[in-house]
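Heads up, the sequence shown is in the working numbering, so the first residue is 1 and it goes up one at a time. Built from N, CA and C at the ideal position, the CB exists for glycine as well. Below is one structure; the comments refer to it alone.
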Amino acid sequence: MAAVLLFIVLALSPSGATRIYQWPWSLMTSLLALAPIALLFLHRFGKSTRLGADAELLFALLAATLVISAMFSRFAAQSLEVCLIALGMLATVFCAAAYVTSGSSDEKTHCLQRWIGWFGIAFCLVSLAGWYLGDVAAHARRVSSVNSLAGEEILAFNLFDVRNQTPLGHSNYTAGLALLLLPWMVGLSIGEHGRKRVLWLGASALAGFVLFTSGSRGALIGVAAIVAALLALASLRGSIRPRTLIGLVAVAGIGLGIATFSQPRVRTLIQDWNQTGQLNSGDEQRWNMVKAGWLMGSAHPIIGQGPGVTPLTYPLYRSRLEGGVESALQLHSLPVQIWADLGLIGIVLTAGIGLVALRRLSKVFRKGWAGGLQTANEKLLASAATSTAGYLAFSLTDFQLDVPVFAALLAINLGVIFGVTRMEPRVSIGGDRLLLRNRHHLALIASIGILIPVLWTSVHATISRHAFSSAVDRLERGDTGGYVEDVSAAMRWSPGNAFYPTSAAIGLLRFAYRGGSPETVAALKAEAADFLGQSLDLDDDQEIAHFNRGWLLLPTDPVAAEHHFRRAAKLVPDKGGVYLGCGLADFEQGDRDAALTGFALEIVNDPRFATAPFWDIPSFAPLRLPAIERAAGMLDNSATNSGTIEARIRSIMHETATLLRDLATEGSPGPLLSSRSANALMFAGMDDASRGPAIEDYLVKRRQTPIPIETVDAYAALFDRTGPDAKAILNDPGGKEEPLLRQTRRERPGYGILMRNLDVPLPVDAYVVQENAVVGDFFPGLFQAKGYLPATTLVRMVSENGGTSE
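Laid out in C-alpha cells, this is it:
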C-alpha cells in the first residue's frame with residue numbers, strides 16, 4: 001500500500017516527470033523502483049510459474065542486457081543508476097502477473113481494474129483543473145493584457161491553443177498517460193449497469209477530453225491503434241461479423257479524421273507544409289534525433305551505448321546532424337531509444353516479447369482459455385492489450401519509460417497479458433521437481449548478480465545527491481566555502497561523474513556574477529575554471545565546460561582558451577559566441593588573419609553579429625568591414641563549390657552574402673536591404689511630434705509588453721539623427737548604447753534535466769551576449785537567425801577556412 005501511495009504522489013505531483021530529478025524526490029523514486037524488486041524476492045521468488053517459461057526467459061535476458069550494457073558503457077555509473085527504474089519495471093511485470101493469477105480470479109481482476117480506473121479519474125480531474133485554472137487562465141490574462149495595452153485586439157484567445165501539460169509537466173506526458181488509462185476506463189464500463197456504467201462511461205469521456213487537450217499528434221496514432229486492437233480482438237473472438245467489421249472500420253476512420261483535423265496543431269502543420277514545403281522546427285528536431293539514435297546505435301550495435309546516457313553521448317554526433325537541439329534527454333522514439341541504448345540484442349529481445357504476447361493473445365481470443373475465458377479475465381485482458389497497443393503506437397513518437405508512472409502502468413499491462421494467457425503449469429514429480437527447483441535457485445542467483453552493481457551504484461549516487469543538495473542550500477546562504485566542501489563530498493562518492501565538478505563551477509560563477517569586490521570575483525572565477533578542468537578530465541565531451549572555461553581563460557591563457565573554443569565548436573557547431581571566442585583568442589596571440597577568420601565565422605553562423613556592439617570597441621572597429629567581406633566570401637564560395645548543399649540553402653547563403661556586402665559598402669542601400677527596411681523607414685520619415693507615440697504603439701504590439709519611455713526616446717533620437725537611411729540606422733553607434741543595447745548572459749534551464757539532477761544552480765554562461773536591439777525591433781527578418789545553416793554545412797565551412805575543430 002505504501003508503494004501505491006508513493007506511486008500516486010509521484011504521478012500526480014506538479015511537474016512530476018522532472019520533479020523525480022530533485023532531492024528528496026529522487027530518493028522516493030528509487031524507493032518506488034525497489035518496492036516491486038523487494039516484493040519479488042520476499043514473496044516466494046520463482047516458486048511458481050506466472051508468466052510462462054518463454055516470457056520469463058525473455059524478460060530475464062532483457063534485465064541482464066540492461067545491466068551488462070550499463071556496465072560496459074562509457075558512463076557506467078550514470079547508466080547503472082538509470083537501470084534501477086528499468087529493473088523495477090521488469091519486476092512489476094512479475095508482481096502483476098502473480099497478483100492476477102493468485103487467489104480468487106474474479107476478485108483480483110475486479111480490484112486491479114477498479115484501482116486503475118479510480119487512479120484514472122484522479123489523474124483526469126487533476127489534469128483538467130491544473131490546465132484550466134493554471135495554463136488556460138494565465139493565457140487568457142495575457143491575451144487580455146496585451147490587447148488592452150495595444151488598444152485593439154491583436155491576439156485571439158483559443159482555448160485549445162493551450163496544450164495541457166498538467167500534472168507531469170509536458171503535454172506529451174499528459175497524452176501518454178491518458179492513452180494508457182483510457183482502455184481500462186472503457187473496460188470498466190463493459191458489463192456494468194446503471195450508475196456504475198454511467199460513471200465509467202463519463203470517466204472514459206473525461207480521459208478522452210484530457211487526451212484532446214494535450215494537443216499531441218502522436219496521441220492520434222495511439223487512438224487509432226486502440227481502435228484497431230479492439231476490432232482485431234473482437235474479430236478473433238468471433239463476436240463480430242465481417243460486414244459489421246468493415247462498417248466499424250469506416251466509422252472509426254471517419255471519427256479519427258474529424259478528431260485529427262479538429263486539432264489546432266494538425267491544422268497548423270498542414271498549413272506550414274503547404275506554405276513552406278518544410279517541417280517545422282520541432283519536427284525537424286525530432287527527425288534529427290532519429291538520425292542521432294541511428295548513429296549512436298551503429299557505433300555500438302551489439303549492446304548499445306548504455307541505458308540513460310543519451311545526454312552524455314548525443315553531443316558526439318551533433319556535428320553530423322543537419323540541425324536540432326544541442327543535446328537531448330531522450331530520443332523521442334521507443335524503438336530508436338532501445339537501439340541506441342541496448343543495440344541489436346535489446347531490439348531482438350523486446351521484439352521477442354512482443355511476438356510472444358501477440359501469439360498468446362491470438363490463441364486465447366480465438367479459442368478461449370480451457371474452452372472459454374471467464375468474463376472478468378476476458379475484460380481484464382482486453383483492457384491491458386488495447387492499452388498496450390495504443391501506448392506502444394504512441395511511443396513511436398516519444399520515449400517515456402524513464403518516468404515511473406509510465407514504466408509501472410506498462411509493466412502492469414504486460415503482467416496481465418502474460419499472466420492471464422500463460423500456459424497452465426505442468427505438475428512435476430520426481431526428477432522434474434528437482435529440475436524445477438534447481439532452475440529457481442539459478443534464477444535467484446542470477447537476479448542477485450544482476451542487482452548488485454545496480455544497487456551499489458544507486459546507493460553511492462543517492463549519497464552524492466544528498467550531499468549536493470546540501471551544497472546548494474549552503475550556496476544559497478552565501479557560503480561558497482561550504483558549497484565547495486559539500487560538492488567535493490559528492491565527487492568522492494561519485495568519482496567518475498563529471499556533473500559534480502561542472503556543477504561546482506556553475507554555482508561559483510552564478511555567485512560571482514552577483515557582484516562583489518574584484519578580488520573576490522576573480523578568485524571565484526579562477527576556482528570555477530579549475531573545477532571545469534577537473535570535469536573535462538573525466539569527460540572531454542562537455543560543450544558547457546569547454547565553452548565557459550574558454551571564456552574564463554581568455555584574458556590569461558588565450559592558447560588554452562582557443563583549444564576549448566574549438567572543442568566546443570566541434571560539439572555544438574552553431575553555438576553562439578564560440579567562433580568569436582576563437583577570433584579573440586587568435587587576436588590576443590597576435591594572429592590578425594586568424595582572428596578575422598574567427599570573427600567572419602561568427603557572422604556566418606549568426607549574421608546579426610555584423611551589427612553587434614562589439615564593433616564599437618576601438619581595437620576591433622577597423623576589423624568589421626574586412627570580417628564582413630570575408631564572411632560574405634565564405635558563404636558565396638561554399639554555396640557555389642559544394643554540390644551537396646540543397647538548392648534552398650544555397651539560395652539563402654547567396655542572399656545572406658549579398659546583404660552583408662550591401663551593409664558594409666558605401667552608397668545607397670541595395671534592393672534587398674531596402675525591401676526589408678519598411679518598418680524603420682516609416683518612423684524615420686515622420687515628424688518629431690508623431691514619431692514617439694507611433695514608435696511606442698509599434699513596439700507594444702511587437703514585444704507585447706509595456707515599453708519604457710527611455711527606450712521610445714532613444715529610438716526617436718536614432719531616427720532623427722540618421723534619417724531614412726537603412727545603413728545609417730543599422731550602423732549608427734548611438735543605436736548600440738543603452739537602452740538599445742541588450743546585454744545578457746545566456747542561461748541554460750535545461751541542463752539540470754539533461755543531467756537528471758534539478759538541484760544544480762541555474763547555469764549561466766561566462767560569455768556576455770551583446771545585441772543591437774534595433775535589428776530585432778525594426779528589421780524583422782532582415783538577417784537569418786542563428787542556426788539557419790545545416791550543421792554539416794557549417795562544419796565543412798569551418799574546416800575549409802582553417803578553423804578545424806580540435
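> How long is the line joining the alpha carbons of GLY352 and LEU27, rounded to whole angstroms?
Replying inline: Locating residue 352 in the sequence shown gives position 352, where the first residue counts as 1. Locating residue 27 in the sequence shown gives position 27, where the first residue counts as 1. Near 33 Å, if we compare the C-alpha coordinates of LEU27 and GLY352.
>> Assess contact between the stretch 715 to 726 and the stretch 750 to 768, defined as three or more Cβ pairs (one per stretch) separated by less than 8 Å. Is contact present?
In response: No, the stretch 715 to 726 does not touch the stretch 750 to 768.
> GLU771 by DSSP, collapsed to three states: which one?
Replying inline: As a working mapping, residue 771 is identified with position 771 in the sequence shown. Of the three classes helix, strand and coil, the one that applies to GLU771 here is strand, per DSSP.
>> Going by C-alpha to C-alpha distance, which of ALA766, LEU508, THR457 and LEU182 sits closest to TRP493?
In response: Reading the sequence shown from its first residue, position 493 is the one you call residue 493. Considering only alpha carbons, the answer is THR457.
> Is ALA504 near VAL521, with beta carbons less than 8 Å apart?
Replying inline: In the sequence shown, the residue the question calls residue 504 occupies position 504. In the sequence shown, the residue the question calls residue 521 occupies position 521. With contacts defined as CB atoms closer than 8 Å, ALA504 and VAL521 fail to qualify as a contacting pair.
>> Buried or exposed for THR502, going by 16 or more other Cβ atoms inside 10 Å?
In response: As a position in the sequence shown, residue 502 is number 502, starting the count at 1. Per the 10 Å Cβ criterion, buried.
>> For GLY46, count the other beta carbons within 10 Å of its own beta carbon; 16 or more makes it buried, fewer makes it exposed. Which is it?
In response: Within the sequence shown, numbered from 1, the residue matching residue 46 stands at position 46. For GLY46, the predicted structure reports a pLDDT of 47, less than 50, and the residue's modelled location is therefore unreliable. A value from the coordinates is still provided. GLY46 is buried by the Cβ-count criterion.
>> Taking the alpha carbon of TYR500 as the reference point, which residue from GLU81, PHE531 and ALA523 has its own alpha carbon closest?
In response: On the sequence shown, position 500 is the one that residue 500 refers to. With distances taken between Cα atoms, TYR500 lies closest to PHE531.
>> Less than 6 Å between C-beta atoms, sequence neighbours within five positions excluded: which residues of the same chain meet that for THR18?
In response: Here residue 18 refers to the residue found at position 18 of the sequence shown. If you ignore the 5 residues before and after THR18, its C-beta comes within less than 6 Å of the C-beta of GLY169 and ILE753, all in its own chain and listed in chain order.
> For LYS570, which option in THR313, ARG318 and LEU62 has the closest C-alpha, if you only look at C-alpha atoms?
Replying inline: Taking the first residue of the sequence shown as 1, we reach residue 570 at position 570. Per the C-alpha coordinates, the member of THR313, ARG318 and LEU62 positioned closest to LYS570 is ARG318.
> Helix, strand or coil: how does DSSP classify LEU741 here?
Replying inline: As a working note, residue 741 is residue 741 in the sequence shown. Three-state result, LEU741: strand.
> Taking the DSSP output, what are the residues bridged to GLU747?
Replying inline: Walking along the sequence shown from the start, residue 747 turns up at place 747. Paired residue(s): VAL764.
> Do three or more CB pairs link the stretch 377 to 386 to the stretch 126 to 146 at distances below 8 Å?
Replying inline: The stretch 377 to 386 is not in contact with the stretch 126 to 146.
> Does the stretch 119 to 139 come within contact of the stretch 207 to 214, defined as at least 3 CB pairs closer than 8 Å?
Replying inline: In short, these stretches touch, since the Cβ pair count reaches three.
> What are the boundary residues of the alpha helix (DSSP H) that MET1 is part of?
Replying inline: Translated into positions along the sequence shown, residue 1 becomes position 1. According to the DSSP assignment, MET1 belongs to no alpha helix (DSSP H), since it is labelled neither H nor E.
>> Excluding the 5 residues flanking GLY390 on each side, which residues of the same chain have their C-beta closer than 6 Å to its C-beta?
In response: On the sequence shown, residue 390 is found 390 positions in, with the first residue counted as 1. So the list reads LEU179, GLY222, ALA225 and ILE226, once near-sequence residues are dropped.
>> Assuming GLU629 is part of the alpha helix (DSSP H), what are its boundary residues?
In response: What you label residue 629 is simply residue 629 of the sequence shown in a count that begins at 1. Start and end: 624 to 641.
>> So for SER13, helix, strand or coil by DSSP?
In response: Stepping through the sequence shown from its first residue, residue 13 is reached at position 13. In the structure shown, SER13 sits in coil (DSSP, three-state: anything other than H, G, I, E or B).
> Are at least three pairs of beta-carbons, each pair with one atom in the stretch 77 to 96 and one in the stretch 463 to 476, less than 8 Å apart?
Replying inline: Touching, no, given that fewer than three Cβ pairs across the two stretches are closer than 8 Å.
> When you compare only the Cα positions, how much space is there between LEU373 and VAL364?
Replying inline: Along the sequence shown, one-based indexing puts residue 373 at 373. Along the sequence shown, one-based indexing puts residue 364 at 364. Low confidence applies to LEU373: its pLDDT is 46, below 50, so where it sits in the model is not reliable, and the reading given next is rough at best. Straight through space, the alpha carbons of VAL364 and LEU373 are spaced by roughly 8 Å.
> When the distance is taken between beta carbons, is GLY117 closer than 8 Å to ALA175?
Replying inline: The residue given as residue 175 occupies position 175 in the sequence shown. The residue given as residue 117 occupies position 117 in the sequence shown. If you check the CB distance, ALA175 and GLY117 do not come in under 8 Å.
> With a Cβ-Cβ cutoff of 8 Å, do LEU794 and ASN605 count as a contact?
Replying inline: The residue given as residue 794 occupies position 794 in the sequence shown. The residue given as residue 605 occupies position 605 in the sequence shown. With contacts defined by Cβ atoms closer than 8 Å, LEU794 and ASN605 form a contacting pair.
>> Once the 5 residues before and after GLN305 are set aside, which same chain residues still bring their CB inside 7 Å of it?
In response: Translated into positions along the sequence shown, residue 305 becomes position 305. Hits under 7 Å: SER73, MET296, THR313, ALA340 and ASP341.
> Is there contact here, the stretch 691 to 707 with the stretch 668 to 677, by at least three beta-carbon pairs under 8 Å?
Replying inline: Touching, no, given that fewer than three Cβ pairs across the two stretches are closer than 8 Å.
>> Please identify the residue among ARG465, ARG514, VAL403 and SER799 whose C-alpha is closest to the C-alpha of PRO573.
In response: As a working note, residue 573 is residue 573 in the sequence shown. Of ARG465, ARG514, VAL403 and SER799, the smallest CA-CA separation from PRO573 is found for SER799.
>> If the criterion is Cβ atoms closer than 8 Å, does the pair TRP200 and GLU192 meet it?
In response: The count along the sequence shown starts at 1 and reaches residue 200 at position 200. The count along the sequence shown starts at 1 and reaches residue 192 at position 192. Contact: yes.
>> Less than 8 Å between the C-beta atoms of GLN823 and GLY343, yes or no?
In response: The chain is shown from 1 up to 806; residue 823 falls before or after that span and cannot be answered.
> Closest by CA to HIS546, which one among LEU451, THR556 and ALA560?
Replying inline: Position 546 of the sequence shown, counting from 1, holds the residue named residue 546. Distances from the CA of HIS546 to each of LEU451, THR556 and ALA560 were compared; the closest alpha carbon is that of ALA560.
>> Please identify the residue among ALA150, ALA234, PHE599 and PHE157 whose C-alpha is closest to the C-alpha of VAL136.
In response: Reading the sequence shown from its first residue, position 136 is the one you call residue 136. The shortest C-alpha separation from VAL136 is found at PHE157.
> Which residues in the same chain have their Cβ closer than 8 Å to the Cβ of LEU34, if we skip the five residues on either side of it in sequence?
Replying inline: Here residue 34 refers to the residue found at position 34 when the sequence shown is read from its first residue. Taken in chain order, the residues that qualify are LEU84 and GLY88.
>> Here's a check: name, in chain order, each residue in its chain whose Cβ is nearer than 7 Å to the Cβ of ILE412, leaving out the five neighbours to either side.
In response: Taking the sequence shown and counting its residues from 1, the one referred to as residue 412 is at position 412. Same-chain partners within the cutoff: THR92 and ALA96.
> Cα separation between PRO812 and VAL309?
Replying inline: Outside the modelled stretch of the chain, which goes from 1 to 806, sits residue 812, for which no answer is possible.
> Fully enclosed by the stretch 109 to 182, which alpha helix (DSSP H) runs are 4 residues long or longer?
Replying inline: If we require 4 residues or more, the alpha helix (DSSP H) runs fully inside the stretch 109 to 182 come out as 137 to 150.
> Between the C-alpha atoms of GLY430 and TYR173, what's the straight-line distance to the nearest angstrom?
Replying inline: Sequence index remark: in the sequence shown, residue 430 carries index 430 (1-based). Sequence index remark: in the sequence shown, residue 173 carries index 173 (1-based). Any answer about GLY430 is weak, because its pLDDT of 46 lies below 50 and its placement is not dependable; what the coordinates show is given next. CA-to-CA, the gap between GLY430 and TYR173 works out to about 52 Å.
>> Using a 10 Å radius around the Cβ and a threshold of 16 neighbouring Cβ atoms, would you call ALA507 buried or exposed?
In response: By one-based count along the sequence shown, residue 507 stands at place 507. For clarity, residue 507 is Gly in the given sequence; the question names Ala instead. It counts as buried.
>> Quick test of your reading: GLN113 and LEU188, contact by CB under 8 Å. State the CB separation rounded to the nearest angstrom.
In response: Position 113 of the sequence shown holds residue 113. Position 188 of the sequence shown holds residue 188. Contact between GLN113 and LEU188 is confirmed by a C-beta separation of about 6 Å, below the 8 Å threshold.
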